[in-house]
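Chemist: Residue numbers (numbering that gives the first Met the number 0), protein chains in the order written: chain F, 0 to 364; chain R, 0 to 558.
Glycine included, C-beta positions come from ideal geometry on N, C-alpha and C.
The structure follows.
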Amino acid sequence: MSEAMHAGREPGAFAEWRRRSTWVDHVLLAIRAGVAVLLLTGLAGGLTAGTYSLADFVSFAVFGLTMGSLYALIALGYTMVYGILRMINFAHGDVMMVGSFAGLFAAGGLNDLGLLRAAPLLALPLVLAAGMAAGAAVSLGIERVAYRPFLHVRSLAPLICAIGLSFVLQYTARGLFGTRNRAYPGFGWMEGTLDLFGLPVPIPQLVAFGAALVVLAGLLAVVRLSPLGKAMRAVAEDRDAAALVGIDVGRVIVATFAIGGAMAGVAGVLYAVVFKQITVFMGFSLGIKGFAAAILGGIGNLGGALLGGLVLGVAEALGPALVLEGFHIPAPYQLKDVIGYGMLVMILIFRPQGLLGERLASKRA
Amino acid sequence: MSFEVVTSSFRVSRRRGVPLVETLRIGGLAGLAAAAFALIGAYVAMDKRHVIENSLTLSQIAFALIAIAAGQVAGRAGEGGRTRPPLATALFHGGLAGLAGGAVVAALLLLLASFNLRTTLVAASPMLAKALSFGAPIASPQALAQLAALGAACGFVGGLVAALPAPVRRAVTGGFWAVLVAGLFRDVFVSIFDNLPALPGLEGMVFGSGGIEPGGAVVLFALVSGLVLAKDRLAGARKAAGGGAASKWRVGLLLAGLCVLPLVTDDFVAQVAMLVALYMLMGMGLNIELGLAGLVDLGFVAFFAVGAYTVALLCSSGPLAVADVSFWVALPVAVVLAAGAGMLFGLPVLRVRGDYLAMATLALGEIIRLLVLSDALAPYLGGSQGIIEIDPPSLFGLSLKSPASLYYLALALAGVVAFISWRLQHARIGRAWLAMREDEDVAQALGIDPVASKLLAYTIGAAFAGAAGAVFAALIGSVYPHSFQLLVSINVLAILVIGGLGSLPGVLVGAIVLIGLPELLREFGEFRYLFYGIALVAMMHKRADGLWPASRVGGDADA
């Protein structure tokens, strides 16, 4: 497909493309062109409309980066599991929700002790640890129930089991914790705003962004440097060959799920730091966004997850103001999710290997 | 692709430890399950429903079932997993497992009474503590001992069941299920009795105001157990003759039941039956996509929405209507538009495979819902206010307003659709779909155009969903965006999985189990999706072919 775009430059190549392409290719090309035209008109309209100042756009972008770092954390779970099993963990978004609730209870306990207000820098890692532990535990349960029994069969069973588990998690949480929003207690000085180059930036966003980057760096270090990381990369490369050289594939899979779940737990807690409120149903759309980020960056690629998350977050934050405003659409922020989902669909169709490209993706998807 | 290769990747194997430890583990797990059941609020909710008049509630039965199941598993495991362990071992291990489970629940009760957990767990209420104490003073030693003893007794029963000879066990479980069904769906049976003139007085003897009378329960239990035993004997004798016609008989019986159902019951049951028929329509649509062609579509609800909104716009007498034509004109338009939407979506999406397709379609479905809900399209589609005042369809001057008449409309459509899918399934294209489901690359090598045949599956499936949406709009008389959530797609997916992928009678069974039963048990609606989730997982583990598996089309018998 991508060759087709610049094939027109040389004579002969275009004729060759015409000969080899089917009507489906033509329709797809038309869709591409249509999307591009729509985007450019919207962009032109949005830029000339002048509804928002530059300062607005910068603050949108900062918010986008914060959301993007959360998406990246969720995306890691998808990407790592996909890299090893070539399967999507459909219940991953709900792992994040569970982590968020575990963090809520930890934060509540620390708040009663007064630690949350007095020493937020000490309290936040503790809350994060609670979220990570819960996320890892739930993720291990998912692996045990939905993936391990079907490791040697190629079927829809893991996907359907994971869909079922997603519902079990959501509705168990609903029964246990109720449907109303739960409010996180405040983290002392990590409230309010900070003046950054003359722009007010909410501190929670900076904290979340910073914490996400620290955790991501830690994970990358583990995967690049530790023996476990080496084993994980080997299994992702070729499961059977890895087994032949003495790597315990089962243990690596378990470790992958645990790490992915822990990352989702971190995302859940940081989400609550930014938004203050959580519900039992928040995992669904965030999970899809995380998946979109993983695909966008190139699934199976850890650096790609970070890039994809940031790009998706910024696109979602700027899109309504930049593009949708250009069409004079009323209440463009209602359609924020449409941008994220739309990007997901577009990438899946036109560039399933993602921005950074990943050889693995071409194998199955 | 290394999925089928088993080199040294580990295998699932159950390590069995010391029998006693294993038994305690099973009991503990059962206790935790029971505690979870209580803490999500299910216990208190189901405690209000009497299955056996004034004596046994649904939640008590659920607890007993958990303990009995634990006893049965433990009774077997105690003998190293033999199917029929000796009585004494089974009883001992079963009782022990039940005792352990009861102890866990007793610990929960103690916890409930000593701490205030309500800020964290909304269901940990004094009501729960009271219900778990079974009439004894709340969390008194007496109440705790009672729980453990009840657990042990139920576990004992479970052990006994494990030790029974197979035919007797089948008879006992058959009788038990019959009583449970009769007690749970008392309203349906009472309405049937009310409509049958031949049996006056019987209703009062069997059913109370909320469940089945104890006397009636005993009689029913004995009757059904006897029947099952007799049937077992007969089947044993007939086995040599072979029984291929049984399946046809079952289909016929089910269909006949479906046809007369609204005539012998009340409007509420007819309404539920109507929903079942609607989901059958959608289920058969998704069956083409998922069951035959193997395309996981989680955005199926979008086509349902297209059908519903088309009928709404064409048949409404409200302000948003673009025309005011009869339902019979709007229905084909809705079907064609839905099929068109399916084709439009399918073209780009179908190059994506497997899990990716699930995510892409899910995102598409959500996009459609968000667009319909948005203020941007509100002037045309009504936004969250939806479109109201849709005229009911009329036939020969008769307005089809009652649930029963709409049920027959949906049933007739479902029949047509079933016929079409049956024909398609056995045609060339059906075999192409099956080949593609099994292995796309091989199918392509055999000369099947994957994109074209997938697209056809997608389009036809979308058309069926559009028909369902059209009937839905006519039934409700109004359409709102919140009727088209992802949950609808998941419902349909679950119907297929539970009923059996690729099996037409399976769709019927799945729709009855997943749509009909929960609708009749409306008061437990909040646990409905939890039940779905558990059912999906359990089916994949225990019976991946579904309740009514598809016969192998294109196999020896059919080719």
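Comparing C-alpha positions only, which one of R/Ala359, R/Glu288, R/Gly345, R/Asp374 sits nearest to F/Pro329?
Modeler: Here residue 329 of chain F refers to the residue found at position 330 of the first sequence. Of the listed residues, the one whose Cα sits closest to F/Pro329 is R/Asp374.
Chemist: Give me the residue from F/Ile294, F/Phe89, F/Gly82 with the minimum Cα distance to R/Val295.
Modeler: Counted from its first residue, the second sequence places residue 295 of chain R at position 296. The residue with the shortest Cα to Cα distance from R/Val295 is F/Phe89.
Chemist: Taking the C-alpha atoms as reference points, what is the distance between R/Phe220 and R/Val189?
Modeler: To locate residue 220 of chain R, count along the second sequence from 1; it is residue 221. To locate residue 189 of chain R, count along the second sequence from 1; it is residue 190. Distance between the alpha carbons of R/Phe220 and R/Val189: 18 angstroms.
Chemist: The beta strand (DSSP E) spanning R/His49 covers which residue range?
Modeler: As a first step, residue 49 of chain R is located in the second sequence; it is residue number 50 there, counting from the start. Run containing R/His49: 49-51, per the beta strand (DSSP E) assignment.
Chemist: Give a yes or no on whether the minimum CB-CB distance between F/Met4 and chain R is below 7 angstroms.
Modeler: In the first sequence, the residue the question calls residue 4 of chain F occupies position 5. Low per-residue confidence applies at F/Met4: pLDDT is 49, beneath 50, and the placement is therefore not dependable enough to give any value.
Chemist: Consult DSSP for F/Glu15 and reduce its assignment to one of helix, strand or coil.
Modeler: Translated into the one-based positions of the first sequence, residue 15 of chain F becomes position 16. Looking at F/Glu15 - three-state DSSP - the assignment turns out to be helix.
Chemist: Could you tell me which of F/Pro203, F/Tyr183, F/His327, F/Ala182 sits nearest to F/Thr192, measuring between CA atoms?
Modeler: Position 193 of the first sequence, counted from the start, is the residue given in the question as residue 192 of chain F. Comparing Cα positions, the closest option is F/Pro203.
Chemist: Using a C-beta cutoff of 7 angstroms, does R/Val324 count as contacting chain F?
Modeler: Sequence index remark: in the second sequence, residue 324 of chain R carries index 325 (1-based). Under the Cβ criterion of 7 angstroms, R/Val324 is not counted among the residues facing chain F.
Chemist: Considering Cα atoms alone, identify which of R/Trp176, R/Leu120, R/Pro402 is closest to R/Ile51.
Modeler: As a working note, residue 51 of chain R is residue 52 in the second sequence. Of the candidates R/Trp176, R/Leu120, R/Pro402, the residue whose Cα lies closest to the Cα of R/Ile51 is R/Trp176.
Chemist: Can you look up R/Gln59 in the DSSP assignment and give me helix, strand or coil?
Modeler: Residue numbering aside, residue 59 of chain R sits at position 60 when the second sequence is read from its first letter. Helix.
Chemist: Please name the residue or residues paired with F/Arg181 in a DSSP beta bridge.
Modeler: One-based indexing of the first sequence puts residue 181 of chain F at position 182. DSSP, once it has assigned bridges, lists F/Ile277 as partnering F/Arg181.
Chemist: Can you look up R/Ser560 in the DSSP assignment and give me helix, strand or coil?
Modeler: No statement about residue 560 of chain R is possible, as the shown extent of chain R runs from 0 to 558 and does not include it.
Chemist: Given a threshold of 16 other Cβ atoms within 10 Å of its Cβ, counted over all protein chains shown, does R/Met539 qualify as buried or as exposed?
Modeler: Residue 539 of chain R sits at position 540 when you count from the first residue of the second sequence. R/Met539 should be labelled buried.
Chemist: Are the Cβ atoms of R/Ile447 and R/Ala431 separated by less than 7 angstroms?
Modeler: On the second sequence, position 448 is the one that residue 447 of chain R refers to. On the second sequence, position 432 is the one that residue 431 of chain R refers to. Yes, the pair counts as a contact, with Cβ atoms nearer than the cut-off.
Chemist: Spell out a yes or no on whether the region 282-301 of chain F and the region 199-213 of chain F are touching, meaning 3 or more CB-CB pairs, one atom from each, closer than 8 angstroms.
Modeler: no
Chemist: Should R/Gln424 be labelled buried (16 or more other beta-carbon atoms within 10 Å of its own) or exposed?
Modeler: Your numbering for residue 424 of chain R matches position 425 in the second sequence. Result: buried.
Chemist: For a cutoff of 7 angstroms on Cβ pairs, would you count R/Gly241 as touching chain F?
Modeler: As a working mapping, residue 241 of chain R is identified with position 242 in the second sequence. Because the pLDDT of R/Gly241 is 48, which lies under 50, any placement of that residue in the model is unreliable, and the question is left without a value.
Chemist: Whole angstroms are fine: how far does the CA of F/Ala220 sit from the CA of F/Ile83?
Modeler: Taking the first residue of the first sequence as 1, we reach residue 83 of chain F at position 84. Taking the first residue of the first sequence as 1, we reach residue 220 of chain F at position 221. Between F/Ile83 and F/Ala220, the C-alpha separation is close to 18 angstroms.
Chemist: Answer yes or no: do R/Ala409 and R/Met273 have a C-beta to C-beta separation smaller than 7 angstroms?
Modeler: Residue 409 of chain R sits at position 410 when you count from the first residue of the second sequence. Residue 273 of chain R sits at position 274 when you count from the first residue of the second sequence. Contact: yes.
Chemist: Under three-state DSSP, which class holds R/Phe114?
Modeler: As a working note, residue 114 of chain R is residue 115 in the second sequence. Of the three classes helix, strand and coil, the one that applies to R/Phe114 here is coil, per DSSP.
Chemist: Measuring straight from C-alpha to C-alpha, what distance separates R/Ile511 and R/Ile65?
Modeler: Taking the second sequence and counting its residues from 1, the one referred to as residue 511 of chain R is at position 512. Taking the second sequence and counting its residues from 1, the one referred to as residue 65 of chain R is at position 66. When only Cα atoms are considered, R/Ile511 and R/Ile65 end up about 25 angstroms apart.
Chemist: Is it the case that the region 310-323 of chain F contacts the region 333-346 of chain R, given that we only count it when at least three CB pairs across the two stretches are under 8 angstroms?
Modeler: Output reads no: the region 310-323 of chain F does not touch the region 333-346 of chain R.
Chemist: Output the distance between the C-alpha atoms of R/Asn286 and R/Ser420, rounded to the nearest integer angstrom.
Modeler: Position 287 of the second sequence, counted from the first residue, corresponds to residue 286 of chain R. Position 421 of the second sequence, counted from the first residue, corresponds to residue 420 of chain R. For R/Asn286 and R/Ser420, the distance between alpha carbons rounds to 9 angstroms.
Chemist: So with CB distances below 8 angstroms, who are the chain R contacts of F/Ala330?
Modeler: Against the first sequence, residue 330 of chain F aligns to sequence position 331. Near F/Ala330 (Cβ distances below 8 angstroms), the residues of chain R are Ser373, Asp374, Ala375.
Chemist: For the alpha helix (DSSP H) holding R/Met285, just list the boundary residues, first then last.
Modeler: Reading the second sequence from its first residue, position 286 is the one you call residue 285 of chain R. Reading off the sequence, residue 285 of chain R comes out as Leu, not Met. Looking at the DSSP string, the run of the alpha helix (DSSP H) that includes R/Leu285 is 266-285.
Chemist: Quick check on R/Ala122: buried or exposed, where buried means 16 or more other Cβ atoms within 10 Å of its Cβ?
Modeler: Looking up residue 122 of chain R in the second sequence gives position 123. Burial call: buried.
Chemist: My understanding is that R/Val300 touches R/Gly364, with C-beta atoms under 8 angstroms, so please give their C-beta distance in whole angstroms.
Modeler: To locate residue 300 of chain R, count along the second sequence from 1; it is residue 301. To locate residue 364 of chain R, count along the second sequence from 1; it is residue 365. With a Cβ gap of about 5 angstroms, R/Val300 and R/Gly364 count as contacting.
Chemist: Since R/Asp440 is in the alpha helix (DSSP H), which residue starts that stretch and which ends it?
Modeler: Here residue 440 of chain R is taken as the residue at index 441 of the second sequence, counted from 1. Per DSSP, R/Asp440 belongs to the alpha helix (DSSP H) from 439-444.
Chemist: Would a check of beta-carbon distances place R/Val218 closer than 7 angstroms to chain F?
Modeler: In the second sequence, residue 218 of chain R corresponds to position 219, counting from 1. False, the Cβ-Cβ gap to chain F never drops below 7 angstroms.
Chemist: For F/Asp336 and chain R, any beta-carbon pair shorter than 7 angstroms?
Modeler: Counting from 1 along the first sequence, the entry for residue 336 of chain F is found at position 337. F/Asp336 counts as touching chain R.
Chemist: I'd like to check one pair, F/Gly260 with F/Gly130: are the Cβ atoms closer than 7 angstroms?
Modeler: Along the first sequence, one-based indexing puts residue 130 of chain F at 131. Along the first sequence, one-based indexing puts residue 260 of chain F at 261. Taking 7 angstroms as the Cβ cut-off, F/Gly130 and F/Gly260 do not qualify as a contacting pair.
Chemist: Is the number of C-beta pairs between the region 94-101 of chain F and the region 124-141 of chain F that are closer than 8 angstroms three or more?
Modeler: yes
Chemist: Answer yes or no: does any C-beta atom of chain F fall closer than 7 angstroms to that of R/Asp354?
Modeler: The residue given as residue 354 of chain R occupies position 355 in the second sequence. So yes, R/Asp354 belongs to the interface.
Chemist: Measuring CB atoms only, is the region 178-189 of chain F touching the region 114-128 of chain F, in the sense that at least three cross pairs come out at less than 8 angstroms?
Modeler: yes
Chemist: Straight-line CA distance for F/Ile346 to R/Gly101?
Modeler: The sequence position of residue 346 of chain F within the first sequence is 347, counting from 1. The sequence position of residue 101 of chain R within the second sequence is 102, counting from 1. If you take the alpha carbons of F/Ile346 and R/Gly101, they lie about 53 angstroms apart.
Chemist: List, in order along the chain, the chain A residues whose C-beta lies closer than 7 angstroms to that of F/Gln352?
Modeler: No chain A appears in the structure shown, which is made up of the protein chains F and R.
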